[in-house]
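Chemist:
Numbering (the numbering used here), first residue to last: 39 to 110.
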């Protein structure tokens, strides 16, 4: 089971609807992404930042802003 690593002890507010959650549950995304961003320091997540500023970002964009074509 993954544990939260951020000081607030809460996941990103977008995690329940984020494609990263779905990709992780489908076994397509490594645990490191979820642990480091979604349950960790989500304020550093480019996806989070773009969502907060209402900017488009593709589903296959990783939390660091890179695109993973294998998720398309």
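Think of the CB as a built atom: it goes at the ideal place given N, C-alpha and C, for glycine as much as any other residue. As the structure is a prediction and not an experimental result, all values here were calculated from the model.
Are residue 71 and residue 88 close, meaning C-beta to C-beta below 9 Å?
Modeler: No, the Cβ-Cβ distance between residue 71 and residue 88 is not below 9 Å.
Chemist: Pick out whichever of 69, 94, 49 and 105 has its Cα sitting closest to the Cα of residue 76.
Modeler: For the residues 69, 94, 49 and 105, the minimum Cα distance to residue 76 belongs to 49.
Chemist: Along the chain, where does the alpha helix (DSSP H) containing residue 89 start, and where does it finish?
Modeler: 84-90 is the extent of the alpha helix (DSSP H) around residue 89.
Chemist: Is it buried or exposed for residue 54, if we count other Cβ within 10 angstroms and need 16 for buried?
Modeler: When all chains shown are included, residue 54 counts as exposed.
Chemist: What does the alpha-carbon distance come out to for the pair residue 97 and residue 47?
Modeler: Their backbone Cα atoms lie some 25 Å apart in a straight line.
Chemist: Roughly how many whole angstroms lie between the Cα atoms of residue 83 and residue 60?
Modeler: Spanning the two alpha carbons is a distance of roughly 17 Å.
Chemist: Could you spell out where the alpha helix (DSSP H) holding residue 136 opens and where it closes?
Modeler: The chain is shown only over 39 to 110; residue 136 falls outside these bounds and no answer can be derived.
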